[in-house]
Amino acid sequence: MATKVVKAKKERKIRYEDAPLVKRFISYLIDWYVGALCTAIPIAIISQKLTNTMLNQNIVEFKQPYGIIAGILAVLFAIFYFVIVPAYIYPGQTLGKKICKIKIVKVNNEQVTIKNMLLRQLLGVIVIEGVLYTASAIWHELVTIITQTNFVTPLMYAGFIISGISILLYLFKGEHRTLHDYLGNTKVVLCK
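Quick note on UniProt numbering: the sequence shown kicks off at 1 and runs consecutively.
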């Protein structure tokens with residue numbers, strides 16, 4: 001009987017340098033724009049069908065159930081761009097991060113998973129911080145439509161306060177991580 005010797009691969013522990021604030025901000029601006037375009041696609045299509053114009057992007061004003069349908073589709077498009085793309089297509093990167101040569105990794109420097117991205121992007125950025133992307137406004141409008149109570153303004157103000165706290169965490173905590181990084185157990189680093 002022959003014995004097989006399996007050589008264990010040495011796992012390299014990759015060390016990354018934190019992404020500078022300027023690169024993160026430029027990446028954010030690019031992603032804000034591209035994410036807004038992705039989010040607007042289903043709303044524009046439904047608006048065109050309902051009103052013969054794509055100018056009305058306020059789903060609260062849509063005849064129901066079309067506002068809810070447009071809102072859900074818009075959030076799904078946002079999830080594709082902000083969660084699926086960095087989890088499966090460009091590991092740790094949206095288009096903005098790819099252009100700026102930065103990426104999201106776990107705190108232990110491993111690749112992000114779908115769980116990290118859902119916690120970071122969907123829960124942290126879109127729901128809790130709630131003002132950083134167009135998808136945040138869409139979910140505020142969806143809550144307003146479903147409950148028949150105006151949640152847009154209070155959620156927007158709460159989002160500004162929480163986003164401000166998130167930025168202060170980045171600037172003063174020393175780890176260069178925002179609230180959504182803590183929720184997703186992630187950090188943003190320079191690409192190697």
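Beta carbons: idealized from backbone N, C-alpha and C, even for Gly.
- In the DSSP assignment, K49 falls within the alpha helix (DSSP H) that extends over L21 to T51.
- Rounded to the nearest angstrom, the gap between the Cα atoms of G130 and T94 is 19 Å.
- Under the three-state reduction of DSSP, K187 is assigned to strand.
- L183 is not a Cβ neighbour of L132, given a cutoff of 8 Å.
- Under the three-state reduction of DSSP output, V112 falls in the coil class, being neither helix nor strand.
- In this model, I30 and I69 are separated by some 27 Å (Cα to Cα).
- For the pair A135 and I126, the Cα-to-Cα distance works out to about 6 Å.
- Contact between the stretch 77-91 and the stretch 104-115 is present, with at least three C-beta pairs closer than 8 Å.
- Secondary structure at I84: helix, using DSSP grouped into helix, strand and coil.
- Fewer than three pairs of CB atoms, one per stretch, sit closer than 8 Å, so the stretch 39-55 makes no contact with the stretch 140-147.
- Here the stretch 90-109 makes no contact with the stretch 150-163; the two share fewer than three CB pairs at distances below 8 Å.
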